[in-house]
Amino acid sequence: MVLALLASGILSSCGSTSSAGQSSNPSSNAFNGNLPSAVPSGVGGSNDVTLSWNASVSSGVIGYNIYRGSGAGGPYTKLNATLVAATDYTDNAVQSGQTYYYVVTATNSGDVESAFSGEVAAQIP
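Under numbering that gives the first Met the number 0, residue 124 is the last one in the sequence shown; the count climbs by one each step, no gaps.
Rendered as structure tokens:
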């Protein structure tokens, strides 16, 4: 399953995340209103979700954080232990029959994290 998140200018506002990786940041979309799209798929009984997004055009962005929730609008749990430098991420810890909701944030060199991207849903077959 490949999901696309569009991310440009994502450091225009900052979100907050607790040390436990839980966040309930409002659904403000610092990804300039571009909503993500999703195409569900599953192969050979093994499921994963691949997210991809456009790189932020904000200066100083050094990486991205990826969050997943089990309900629309969060709360979300951060999936990555360290910043993701690439503009894609594969979540291979998904279960069949579940729906997951993803958002991405950008982080700059001052450790300032943007607001959440638009949310994308992935229904796992």
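Don't be surprised by glycine CBs; every beta carbon is placed ideally from N, CA and C. Here the structure is a predicted model, which means the values were calculated and not measured.
Straight-line spacing of the CA atoms in Val119 and Tyr63 works out to 16 Å. In this structure, Ser113 sits near Thr104, with a CB-CB distance shorter than 7 Å. Assignment of Asn107 by DSSP, reduced to helix, strand and coil, places it in the strand class. Straight through space, the alpha carbons of Phe115 and Gln122 are spaced by roughly 20 Å.
Val60 is classed as buried because its beta carbon has at least 16 other beta carbons within 10 Å across all chains shown.
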